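Protein chains in written order, with our numbering: chain A, 7 to 156; chain B, 5 to 737.
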C-alpha cells in the first residue's frame, strides 16, 4: 500500500483492516499522531486528509490511498514552527502533551474552515478534542492568537 | 531570578511537533504485540479455556493464561501492597479482570486472536455494587499505611452536637470516577538474559523498578525503567499495575520485546479509579455561626481483600479545616466485586471537601449568613487537630481577593434570587486545602567543563513542568542562563526520586536539586581555591559564587574549564539528597489553601446547567514558573468541573460490568464546558515547609471546585444536590 504522508511517498505492507492511525504509528514510524480511545471519541488521532480534519482511528489506511495525509510531523517548515504550534507553545496550551498533536491539527483546520471567529465558536468547534489535563482555557487563547495572525 | 518567571515549557517544542516520545512509541527492533483478555463475569472460577481457534490464527506467538503463566514472586516484597500479581490463579473477583495475554506478530493479529479466546466459567455469587452492602462496612486494617488510625476525635462531639442550637445532618455521595489520562497505559518490555528494560508510562519509575524486580525475583539494578514523557496520570499511573508486569512476562515467554497498550475500555478495569463514597456529616453550630461540633463519617468502596486495601481518606481535611473544639471522623470500607480503587487527583480531599464544604453552605443557609463570613468566623489560625502552627496560611487573603475578583458583593443572599432572562444565576464558593507533602529524593548535578550544568533525577514529568522548573532552580543557583542548563529525568539509572503523586514533586525533587547545587558549588569553590594556591591566599569560600561557568570572588575568577582541564576530567558530578523532617521533629502543619468561586446558570425551563465563570485564589507557596503553575491551576479547576457535573462510572448490577467504559459515555469536560477561568496565586514563599518554598499545586485547585459549583447550583435554584455528579434531572425534581 502506498500513502502520501507529509508530501512523501510511504510504501507499507498492511492488512486491509489496518487503521490509518495504526499505519502511521506502528508501521510508518510516525508516532506524533496519538491513540487515545481508538473509537473516534477523543480527537487525539486527528490528521488532515486533503486538508480536512479526520480522526485517523476511524479511517482505514486503504481509504487514504491517493490522498494527501498531513500529520503533526508535517506541519512545521524545518525548524520554523507553524504559527499554531508556536501559539500552543507560547500559551502553554497543554500539560502532558499527549492530546496536543490532535488539538493542533484540529485547530489549524478550524482556522482554515473559518470557525475561529469568536471564543465561543472556537470552544464549540474544538470540543471533539479532549484534553484531560484541562488546558482548554489556554487552547482557546492560542487559537485566538494564531487565527489573528493568520 | 529565573525561578518564578513564566518561561515557556522546555519540552514544549517536542510536544507541539510530535517529537515527544511516550512509552508505546519507542522503536525497539523486533517488537511484537500483546493484547489482554479480560473476564466477563464478576465472580467465580475459570473452568477452562478454548484456545484452538485463537492459536490457529495467523501471526499468533503465544497465549498466556493462568494454566501456563510463569509464576511471579511476591516474597521479594512487592513494595506497593496494593499491586497484585495477575494470571496466577483461576479465581475471578471482578468483571474485567485480566485472564489471558495474546502475543502476535502485529497489533491487528493480536487483537483479532484476543477476540477469539473463549473462556468457560463456574460463576459464583457476586456483590457488584456498594449500595447493597453498606451494612457490611468494615474498619480499614492499614489506613494511611499504618501511619494513623481510621478514626479520630477531639473534645466531646456527641454532647456538643446534642446541645447545639442549630444542627445540620446530611449524607453526601460521590460516584466511582476514572482518571482517563489521554495516554492509555503502555509498556514495552525487553529482556537481555536476566536484565529487563521497560519503557512504561508511569508516575513513579522507582516504584516500577522495585515492583518488577520483586515480581521476577531479580536485582533492582537489573531492571531499567525509562519514561521521559507521561501522557497524563492523575493517580492512575502511580502504582505499577499488572499490565506492566504482564508485558514483561510475555516478553520472557516469547523471547522478543513485547509492546502492551491497554484499550480505553480496559483502562476502566486495569489501573484503579476513585471509589464511590457515602459521607455522613453532622454539624452543630451556635446562632452566631460558631462551630460547636463536627462529625464526618466516610465509607468508600473497596475490592476484595485479596487485592490489598485502598481507603479514600475523605475526612482528613475536615479535621484541620476549621477551628472547632469537638470533632469526630471515621473511615470505613465496603468490599465488592469490582477492581481495586486507587489515588485519583486529590484523593480524599476532593470528595471529602465536596461534602464538608457543601455542609458548611447548608449551615450558612440555615443561619441566613454569608458563606464567607461563616468561614471567617471559624478560621483556624493554627492546626486544630495537630495542635501545631501552620508553616504559612494566607487563606483569609484568598477569600478576600477571590471575593473581590469574582464580584461576590453582587451576590444576593436568598437562593433563586438572581436571574438573567430564563437563566437562574447562582454564585457559590468553597474552601480548598491540600497537605504539603515531601518524600526523600536525590538529584545529581553535573558541572561540565564548558560551564554548562546537567541536572539529573529519576523523577518524571507528568506535564506539570518538572523539566522546566528544575532547570530554573539550577540556573539561579549557578548564575547561568537557562539555555545552559539541561534536565534529565525519566530513567531509573538516575538518582532515585519518589512517585509523582500527592503534589510532592517540586517539594521533594526540588529540595534535592537545591541540595545538590549547593554541594556542587561548594566543591567547585574549594577546587578553585586549592588550585589558586598562594595567589588566592586567605580566600574564604563564603565570599565566592558561581557565575557563567566560573568561580568568582574578591581575588578573581577561575573557569570550571581550567580546573577540569588540570584534572583531566569532563565534568564534576555531585549528588544531593533531601528528605522531610521525621515525624517527631515536626514543628509545623503544612498545607496549601485556596478559595474557589463558581457562577452557574441553570435554565429555568430545561434544567440545563452551565458553568459561566470560575475564580480561584490560592496560597500554594512559592511559584517556580508562573506559566506552568497557572496551567496546573486551570487544569485542576477543569477537572473539578468534571467531578461536579459530568463524571460517573456506571456498573451493571447484574453482571458487575462497567457499562460506560469509553470516553464518550464516561463524560469528561470538553472545551465548550469550560468558561473563562481566573486563577491566581498569592506570593507566598514558604521555606518552613521545605527548602524550595513551594506547597504543591497539582491537586489543590481541584479540591474545592465541586462544592463551589454545588453551592452555586443551590444558590441559583434552591435545589441542594448532595449526590455527584449534579445532573439536569436533579434540576427538574
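Using N, Cα and C, we set each Cβ at its ideal position, and we do this for glycine too.
Remember, predicted model here, so these are calculated numbers, not experimental data.
If the cut is a Cβ gap below 8 angstroms, which residues of chain A does residue i touch?
i	result
residue 185/B	102, 104, 138
residue 21/B	38, 78, 79, 81, 82, 87, 91
Give the range of the beta strand (DSSP E) segment to which residue i is assigned.
i	result
residue 437/B	427-439
residue 42/B	36-42
residue 104/B	102-108
residue 560/B	560-563
Would you mind telling me which residues of chain B sit closer than 7 angstroms to residue i, beta carbon to beta carbon, in chain order?
i	result
residue 16/A	Those do not exist, as residue 16/A stays about 15 angstroms from chain B at its closest Cβ, beyond 7 angstroms.
residue 9/A	Per Cβ cutoff of 7 angstroms: no residues; residue 9/A is ~17 angstroms from chain B at best.
Rank the options by C-alpha distance to the C-alpha of residue i and give the top, closest one.
i	options	result
residue 48/B	127/B, 687/B, 18/B	127/B
residue 298/B	257/B, 163/B, 404/B	163/B
residue 279/B	462/B, 268/B, 318/B, 248/B	318/B
residue 382/B	436/B, 292/B, 313/B, 28/B	292/B
residue 56/B	24/B, 117/B, 7/B, 38/B	117/B
residue 110/A	136/A, 35/A, 24/A	136/A
residue 26/A	82/A, 138/A, 53/A	53/A
residue 579/B	523/B, 729/B, 125/B, 100/B	523/B
residue 552/B	585/B, 486/B, 593/B	486/B
residue 500/B	628/B, 454/B, 445/B	445/B
residue 727/B	265/B, 197/B, 363/B	363/B
residue 3/A	84/A, 85/A, 88/A, 61/A	Limits of chain A in this structure are 7 at one end and 156 at the other, which puts residue 3/A out of reach.
residue 129/A	119/A, 142/A, 66/A, 120/A	142/A
Below 7 angstroms on C-beta distance, what does residue i contact in chain A?
i	result
residue 318/B	Under the 7 angstroms cutoff, chain A gives no residues; its nearest Cβ is about 23 angstroms from residue 318/B.
residue 350/B	Result: empty, since nearest Cβ-Cβ is about 13 angstroms, beyond 7 angstroms.
residue 642/B	140, 142
residue 347/B	Within 7 angstroms Cβ-Cβ: nothing; residue 347/B doesn't reach chain A, min ~16 angstroms.
residue 24/B	103
residue 276/B	Neighbours of residue 276/B on chain A: none; closest Cβ ~15 angstroms, over 7 angstroms.
Closer than 8 angstroms by beta-carbon distance: list the chain B residues that pair up with residue i, in chain order.
i	result
residue 42/A	186, 187, 188, 268, 667
residue 98/A	12, 13, 16, 631, 632, 634, 635
residue 28/A	111, 112
residue 35/A	31
How is the alpha helix (DSSP H) around residue i delimited, first residue to last?
i	result
residue 573/B	Note, residue 573/B: premise wrong, no alpha helix (DSSP H); not H, not E.
residue 631/B	630-649
residue 114/A	106-119
residue 612/B	Neither: residue 612/B is in no alpha helix (DSSP H) and is coded neither H nor E.
residue 490/B	Careful: residue 490/B lies outside any alpha helix (DSSP H), inside the beta strand (DSSP E) at 489-492.
Since residue i meets chain A, which of its residues come closer than 9 angstroms, beta carbon to beta carbon?
i	result
residue 233/B	102, 103, 104
residue 638/B	140, 141, 142, 143, 144
Measuring CB to CB, does residue i end up less than 8 angstroms from residue j?
i	j	result
residue 489/B	residue 479/B	yes
residue 44/A	residue 13/B	no
residue 712/B	residue 601/B	yes
residue 71/A	residue 30/A	no
residue 520/B	residue 448/B	yes
residue 106/B	residue 123/B	no
residue 218/B	residue 77/B	yes
residue 467/B	residue 139/A	yes
residue 304/B	residue 275/B	no
residue 13/A	residue 79/A	no
residue 474/B	residue 457/B	no
residue 429/B	residue 714/B	no
residue 693/B	residue 699/B	yes
residue 515/B	residue 596/B	no
residue 701/B	residue 398/B	no
residue 15/B	residue 495/B	no
Under 9 angstroms between beta-carbons, which chain B residues line up against residue i? List them in chain order, please.
i	result
residue 95/A	12, 13, 16, 17, 19, 20
Chain B contacts made by the stretch 120-149 of chain A, where a contact means CB separation under 9 angstroms: 125, 126, 128, 129, 130, 131, 132, 133, 134, 135, 136, 137, 138, 139, 140, 141, 142, 143, 144, 145, 146
Residues of the stretch 445-471 of chain B whose Cβ lies closer than 9 angstroms to any Cβ of chain A, in chain order: 465, 466, 467, 468, 469
Chain B contacts from the stretch 42-70 of chain A (Cβ-Cβ distance under 7 angstroms): For the stretch 42-70 of chain A, the set of residues with a beta-carbon nearer than 7 angstroms to any beta-carbon of chain B comprises 42, 43, 44, 45, 47, 48, 50, in chain order.
Positions along the stretch 670-683 of chain B whose CB lies within less than 9 angstroms of some CB in chain A: 672, 673, 674, 675, 676, 677, 678, 679, 680, 681, 683
Near-chain A residues of the stretch 220-253 of chain B (beta-carbon distance less than 9 angstroms), N- to C-terminal order: 233, 234, 235, 236, 237, 238
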